[in-house]
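Here the numbering used here is used: the first residue of the sequence shown is 559, the next is one more, and so on.
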Amino acid sequence: MAQNSAGILLYRWDRDRLQVFLAHPGGPFWADKDAGAWTIPKGLIEEGEDILAGAVREFEEETGIKLHGPFRNLGTIRQKSGKIVHAWACEGVADPALVKSNTATLRWGGRTITVPEIDRCAWFDAGTAMEKINPAQAELILRLVEALSA
559 MAQNSAGILL YRWDRDRLQV FLAHPGGPFW ADKDAGAWTI PKGLIEEGED
609 ILAGAVREFE EETGIKLHGP FRNLGTIRQK SGKIVHAWAC EGVADPALVK
659 SNTATLRWGG RTITVPEIDR CAWFDAGTAM EKINPAQAEL ILRLVEALSA
């Protein structure tokens, strides 16, 4: 059964130029990866949880930033792993230097380590973000650009 996750694609305008806020996964597996490694802040939906509420909760858990909307539904995508990602866009502000992520415990090199789920966040113009983000999630940026152009 495919996992369901939900997240938020935060965006802003910088001198009429669209920018999106992406997160880089923490931990040793992701440490040296850049292109194709970035993601929207997202996570697994809890059983019985409203999907949008889960997206807002996950964004806050992974960044320390509480969003209040309004939210624009970007639909769903399926990642190569089979995971289903439900996404919304929200216009807002965030200082990447102030991001504070929750942590995860994992096994690495035969030992248990604790790492931040997100080790950093950054604002990117849409073109650069398309290169940085998980390839399946690039569709979410395209959907946002299309929605904002309408």
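Cβ atoms here follow ideal geometry from the backbone N, Cα and C, with glycine treated the same way. Note that the structure is a prediction, hence the values are computed from the model and not measured.
Inclusion of residue 698 and residue 602 in the CB contact set at 8 angstroms is not warranted, their separation being larger than that value. For residue 643, the enclosing beta strand (DSSP E) starts and ends at 642-649. Exposure of residue 640 is indicated by the presence of fewer than 16 other C-beta atoms within 10 angstroms of its C-beta. As computed with DSSP, residue 582 is found in a beta bridge with 678. From the listed residues 684, 704, 692, 664, the smallest Cα separation to residue 570 is found for 684.
Contact between residue 625 and residue 598 is absent: CB atoms are separated by about 12 angstroms, not below the 8 angstroms threshold. The residue from 676, 577, 701, 668 with its alpha-carbon nearest to that of residue 621 is 676. By a beta-carbon distance limit of 8 angstroms, residue 695 contacts residue 635. Their separation comes to about 6 angstroms. DSSP places residue 611 in no beta strand (DSSP E) but in the uninterrupted alpha helix (DSSP H) bounded by 609-621. In this structure, the alpha-carbon of residue 637 lies about 16 angstroms from that of residue 700. The beta carbon of residue 623 sits closer than 6 angstroms to those of 652, all from its chain and outside the five residues before and after it, given in chain order.
Straight across, the Cα-Cα distance linking residue 585 with residue 678 is about 11 angstroms. Taking a 10 Å sphere around the C-beta of residue 593, we find fewer than 16 other C-beta atoms and assign the residue as exposed.
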